[in-house]
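Residue numbers (the working numbering), protein chains in the order written: chain A, 1 to 275; chain B, 276 to 613; chain C, 614 to 837.
Virtual Cβ for every residue (Gly too), placed ideally from N, Cα, C.
Worksheet for the structure shown next.
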């Protein structure tokens with residue numbers, strides 16, 4: 001009797017596990033035809049896309065995505081947000097988990113082979129963030145012999161240490177909040193990555209940090225679309241143009257980065273055109 | 276038998292006499308002082324007032340250095356977000372659910388994996404024993420983090436090896452974490468199961484064979500059920516390992532509990548308070564589970580005593596001497612990682 | 614395999630950090646583990662309490678969080694630094710975290726070893742007038758150590774694998790698994806051979822440990 005109960009339990013548990021993994025694998029993107037649009041944004045970037053509880057993100061990317069979706073005919077309540085981490089953006093688009101990715105997604109030739117891009121909707125620059133009272137660092141060259149923080153997997157630090165050949169020591173962390181903590185406590189002298197990302201953090205603690213306003217490396221943020229969505233791409237480009245024309249873009253930039261003394265550009269970047 | 280197993284006074288020392296008691300008081304005072312200094316250093320350091328104290332130790336007597344400083348970690352601003360119930364329902368709870376989901380799926384799959392490979396290592400066929408042994412030893416020797424990284428890179432590997440186009444299959448962070456946890460903990464459990472099955476008195480399988488049962492029946496009806504019940508404490512202890520290890524999911528952006536707290540830290544710039552609260556939650560969950568493992572063990576031990584008269588040393592197998600096992604409760608054969 | 618070999622220097626560098634982390638953390642965690650064990654069986658109630666609270670708390674915290682506390686708490690907020698260069702500073706911080714964590718498991722193993730010692734011996738030693746410390750040093754710990762060589766070997770293997778966590782969690786030590794992750798991210802190396810290469814590296818470190826400790830534990834077993 002006892003033996004049977006136990007083996008049944010094990011079999012049941014195994015079946016349950018299979019069912020659970022099966023669920024985990026799916027997810028499935030909601031297509032436009034059921035009246036919603038699924039958009040992938042960052043959930044962990046203040047100022048760009050930061051989850052504020054219950055799956056509702058906020059930030060510049062989120063505002064841009066909401067505007068574009070609006071132009072495509074979706075009300076804000078028809079948008080379903082999904083977290084698109086750097087590692088899974090391509091897969092999400094290919095699998096149809098999301099309809100669109102607006103997540104500090106730089107347009108590169110490599111990625112163009114996997115997905116389509118509309119835009120760019122903003123051109124970010126690699127920049128350096130230091131403590132507000134720091135007078136010693138004004139350019140990348142001043143980092144010689146100082147400590148620089150960057151998130152693991154980011155290539156921004158390499159631009160400084162390898163491409164520019166500046167002898168800065170690198171402290172690597174899991175994400176930029178950890179870098180900001182180290183910067184606040186003076187354990188590192190500077191943090192480097194896209195100026196938008198840095199501005200997002202700086203805006204959280206107005207007056208604590210300053211951006212050097214450098215232009216070290218362009219990052220052209222595009223709207224990621226599944227391969228072969230030329231028509232959708234044109235529509236998105238039109239929406240982006242409209243967003244800059246009617247002043248919405250400036251409004252979004254000011255709302256999200258205004259506190260950071262970040263000299264954002266309010267010019268529309270030239271569109272790449274759709275394939 | 277064991278020196279410390281019971282709550283009665285230890286036999287390593289006598290009840291202190293007046294002199295020893297006085298000495299012990301001195302030691303206690305020193306230990307308390309050392310602990311107090313350490314805690315004060317941490318408190319004041321986090322409060323950013325340690326520098327003040329270093330410059331002027333007299334400040335310790337005043338209240339100012341102890342009051343939460345505005346730029347320190349104890350300021351109300353950094354802790355207030357945790358008073359908001361929506362933070363718990365909206366961010367912490369979903370993370371906790373993900374942590375428990377990953378741990379729950381993994382422990383079940385790990386038990387299945389452990390059973391298959393543990394029994395495989397006891398097979399009558401040499402090649403099955405060899406294959407199962409290699410698999411188990413391989414996954415026990417590989418860091419969990421590497422297994423997770425590799426699982427995430429599986430689509431790339433499939434593309435390189437077999438030309439499988441990208442996007443054919445999706446490896447979510449959950450999948451990567453579950454695969455990693457299953458392979459590693461399954462291998463640990465396989466060893467535990469093997470020992471458990473070996474520990475079932477030989478007379479039982481002999482009796483079963485003499486009743487005309489086949490190999491599979493003996494294994495499935497006689498050996499495995501008994502091994503599982505004797506392994507319950509080890510399985511629960513392994514669950515503690517699993518829960519802690521699932522925190523590695525934070526590295527691959529799996530939205531588990533540590534990542535929820537990391538996001539809270541990003542949102543409210545309170546990385547350290549968030550980490551402290553996160554650690555407390557883990558400790559509470561894991562201490563409770565460890566207590567459950569101890570309870571299960573004691574229950575087994577009680578039953579073990581009853582059957583001990585009839586059979587040879589039962590107890591919990593897996594670790595060498597029976598005496599060792601009785602007190603290691605939360606330490607399974609392999610100590611936890613992650 | 615070619616790309617793996619082309620990156621061989623990186624691989625060697627990665628494993629050299631892994632070995633450095635393991636070796637030094639092993640020494641410190643062993644020392645701290647002995648102290649904790651002595652405290653946990655000592656006659657002074659406060660010492661017993663302190664050691665138990667420490668072990669329970671640290672053992673039940675994910676290692677990722679323990680190391681995060683070293684990187685962001687001790688180093689960043691409390692300003693504790695061990696070296697001028699970032700590379701060595703994060704190394705020593707990682708050693709601190711790994712030792713603090715591993716010591717709990719060393720102590721758990723040792724304590725169970727203490728439990729295997731027959732009462733009679735300890736009572737005999739006490740009746741000869743040995744103090745608690747003498748008793749620990751001459752009678753209890755030598756035998757306890759011998760009886761837990763096997764479990765200590767498992768702790769060492771776990772420590773070796775745990776060093777991979779030091780590449781993350783606010784420290785970024787450039788040990789082997791980080792190098793593997795970077796190679797995967799760059800997308801140029803063949804994934805499976807690279808993984809197997811790194812896996813062999815860890816097996817080469819861990820399997821001999823298992824054999825050595827297994828043989829030792831048999832040879833040193835206390836006959837009872």
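Length-filtered (3 minimum) beta strand (DSSP E) runs lying within the segment 397 to 424 of chain B: none
9 Å Cβ cut-off: residues of chain B touching residue 790 of chain C: 418, 420, 421 and 424
For residue 323 of chain B, the three-state DSSP class (helix, strand or coil): coil
Coarse secondary structure for residue 277 of chain A, derived from DSSP in three states: This structure cannot settle anything about residue 277 of chain A, because the visible part of chain A is limited to 1 through 275.
DSSP-derived helix/strand/coil call for residue 374 of chain B: helix
Interface flag, residue 479 of chain B vs chain A, CB-CB below 8 Å: no
Chain-ordered neighbours of residue 678 of chain C on chain A, where CB pairs are closer than 8 Å: The premise fails here: residue 678 of chain C is roughly 12 Å from chain A at the closest Cβ pair, so nothing lies under 8 Å.
In chain order, each alpha helix (DSSP H) run of at least 4 residues that lies wholly inside the segment 725 to 749 of chain C: 732 to 740
Outcome for residue 81 of chain A when other beta-carbon atoms lying within 10 angstroms are tallied against a minimum of 16: buried
Chain B contact residues for residue 819 of chain C, given Cβ-Cβ distances below 7 Å: 416
Cβ-based burial, residue 750 of chain C [other Cβ within 10 Å; buried from 16]: exposed
Chain A residues whose Cβ lies nearer than 9 Å to that of residue 538 of chain B: 43, 44, 50, 51 and 177
Distance CB(residue 677 of chain C)-CB(residue 753 of chain C) smaller than 8 Å: no
Proximity below 8 Å, CB of residue 722 of chain C to CB of residue 671 of chain C: no
Helix, strand or coil at residue 156 of chain A [DSSP, three-state]: helix
C-beta contact flag for residue 428 of chain B and residue 521 of chain B at 8 Å: no
Heavy atom of the ligand ADP within 7 Å of residue 333 of chain B beta-carbon: As far as ligands go, the structure on display features none, and thus does not contain the ligand ADP.
Start and end residues, beta strand (DSSP E) containing residue 667 of chain C: From DSSP, residue 667 of chain C is part of no beta strand (DSSP E) but of the alpha helix (DSSP H) over 658 to 672.
Cβ-Cβ distance between residue 691 of chain C and residue 775 of chain C below 8 Å: no
8 Å Cβ cut-off: residues of chain A touching residue 526 of chain B: 174
Contact set for residue 768 of chain C: own chain, Cβ-Cβ below 7 Å, skip 5 residues either direction: 715, 718, 719 and 722
Runs of alpha helix (DSSP H) lying entirely within the segment 457 to 487 of chain B, each at least 4 residues, in chain order: 477 to 485
Chain B within 8 Å of residue 824 of chain C, Cβ atoms only: no
Buried versus exposed, by CB contacts within 10 Å (16 or more), residue 824 of chain C: exposed
Residue 746 of chain C burial status per 10 Å Cβ neighbour count (16 or more: buried): exposed
Three-state secondary structure assigned by DSSP to residue 127 of chain A: strand
Per-residue contacts from residue 811 of chain C into chain B (C-beta, under 7 Å): 421
Test: residue 85 of chain A CB closer than 8 Å to a CB of chain B: yes
Status (buried if at least 16 other CB within 10 Å, exposed otherwise) for residue 360 of chain B: exposed
Beta-carbon proximity of residue 424 of chain B to residue 655 of chain C, cut-off 8 Å: no
Option in C:675, C:705, C:636 and C:645 with minimal Cα separation from residue 556 of chain B: C:675
Residue 216 of chain A, DSSP secondary structure in three states: coil
Distance, residue 758 of chain C Cα to residue 573 of chain B Cα: 25 Å
Enclosing alpha helix (DSSP H) for residue 191 of chain A [first to last residue]: That residue, residue 191 of chain A, is in no alpha helix (DSSP H); its beta strand (DSSP E) goes 190 to 194.
Inter-residue spacing [alpha-carbon to alpha-carbon] between residue 629 of chain C and residue 637 of chain C: 12 Å
Beta-carbon proximity check, residue 90 of chain A vs residue 115 of chain A, cutoff 8 Å: yes
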